[in-house]
Amino acid sequence: MKIIRDANLKEYNSFGIDACASKIILVQSEEDIIRYLNSESYTEQDCIIGSGSNILLLGDVKQNIIKNDIKSFRLLEDAEEDVVIEVGAGVVWHDFLLECLKNGYYGLENLALIPGTVGAAPVQNIGAYGIEQESCFVSLRGILKDTAESMTFTKNKCKFSYRSSIFKTSLRGRFIITHVRYKLRKKFRPILKYKDLIEKFSNKENFLPTELFDYICEVRQGKTSGLQSIGQCRQFL
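Position in the sequence shown (from 1) plus 70 gives the number in our numbering.
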């Protein structure tokens, strides 16, 4: 755990707004979170952030900021046709997909370039181009702020719906996600439900996962002049 006092928040929000907080607490493990929640410094008004992609700062922040900086990528199960990956909640979502692509783990590539961290993905049940993160979701772990207790949520307990989950409703602001597990395939099976993807790939008998990934990045960026301009979106970790 690292504490930054009188901290500038410019690098912690995607709009790059120049604002300050009295304190940023960088937590890098479940133990860090539990230790801070049990400390005298913690208050119920403390705000937790991931990559800062869903916040708009209007000025300096009075409450302490808890920055989820848990970054890990662990292979838990390795079967003949699929794998189960556990990812730290502080990992940037797009970086997670790049690591999956590099290792040949498929199923979430349609969600390329969605902003935010892995920990935010189940909260919003993010989705794009015909799939949602819940299609590969297994479970998640985290800490209940009220009791500083570690808890695990399976898919059914998360109550996923369109762009929502239990973490946006009854547990809103009360639970800190630390790790998320996904089951991914070793064989690439493209999901082409979205109109642009059907038009681009339906007549192709074989194409690479990187082609689909790059094209989704291109569409999201609103580009139509080829893939060279979005090459940087696929720089592996």
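Here a beta-carbon is modelled for each residue, glycine too, at the ideal position from N, C-alpha and C.
Since residue 95 contacts residue 119 with CB under 8 Å, what's their CB separation in whole angstroms?
As a working note, residue 95 is residue 25 in the sequence shown. As a working note, residue 119 is residue 49 in the sequence shown. The pair is not a contact, with the Cβ atoms about 11 Å apart (cut-off 8 Å).
Under 8 Å, do residue 273 and residue 233 count as touching if we go by C-beta distance?
Position 203 of the sequence shown, counted from the start, is the residue given in the question as residue 273. Position 163 of the sequence shown, counted from the start, is the residue given in the question as residue 233. Contact: no.
Ranges of the beta strand (DSSP E) found wholly within the region 75–116, counting only runs of at least 3:
90–97
Below 6 Å CB to CB, which residues in the same chain sit around residue 253 once its five sequence neighbours on both sides are set aside?
Within the sequence shown, residue 253 is the residue found at index 183, counting from 1. The answer, listed in chain order, is 152, 154, 206, 208.
Which residue comes first and which comes last in the alpha helix (DSSP H) that contains residue 284?
Here the question's residue 284 lines up with position 214 in the sequence shown. Note, residue 284: alpha helix (DSSP H), 279–291.
From this set, 238, 176, 222, which residue's C-alpha is nearest residue 283's C-alpha?
Sequence index remark: in the sequence shown, residue 283 carries index 213 (1-based). For residue 283, the nearest C-alpha among the options comes from 176.
Residue 179 and residue 167: beta carbons closer than 8 Å?
The residue you call residue 179 lines up with position 109 of the sequence shown. The residue you call residue 167 lines up with position 97 of the sequence shown. Yes, the Cβ-Cβ distance between residue 179 and residue 167 is below 8 Å.
When the Cα atoms are used, what is the spatial distance from residue 255 to residue 149?
Translated into positions along the sequence shown, residue 255 becomes position 185. Translated into positions along the sequence shown, residue 149 becomes position 79. Taking the straight line from one Cα to the other gives about 9 Å.
Can you tell me whether residue 306 is helix, strand or coil according to DSSP?
As a working mapping, residue 306 is identified with position 236 in the sequence shown. Note that residue 306 scores a pLDDT of 30, beneath 50, so its modelled location is shaky; the value from the coordinates is reported in the next line. Reduced to three states, the DSSP call for residue 306 is coil.
Option nearest residue 162 by Cα separation, candidates 146, 147, 171, 183:
Within the sequence shown, residue 162 is the residue found at index 92, counting from 1. The shortest C-alpha separation from residue 162 is found at 183.
Residue 253 - containing beta strand (DSSP E), residue span:
As a working note, residue 253 is residue 183 in the sequence shown. Residue 253 -> beta strand (DSSP E) spans 245–255.
Tell me which residues share the same chain as residue 139 and place their Cβ nearer than 7 Å to its Cβ, disregarding the 5 neighbours each side in the sequence.
As a working mapping, residue 139 is identified with position 69 in the sequence shown. Cβ within range, chain order: 96, 97, 98, 160.
If we count Cβ pairs, one from each stretch, closer than 8 Å, do we get three or more for the region 241–252 versus the region 208–222?
yes
DSSP bridge partner residues for residue 71 (one or two, in chain order)
Within the sequence shown, the letter at position 1 stands for residue 71. Paired residues: none, contrary to the question.
What first and last residue would you give for the alpha helix (DSSP H) that runs through residue 193?
Residue mapping note: residue 193 aligns to position 123 of the sequence shown, counting from 1. Note, residue 193: alpha helix (DSSP H), 190–194.
So, helix, strand or coil for residue 152, using DSSP?
In the sequence shown, counting from the first residue as 1, residue 152 sits at position 82. Residue 152 falls in the strand class under three-state DSSP.
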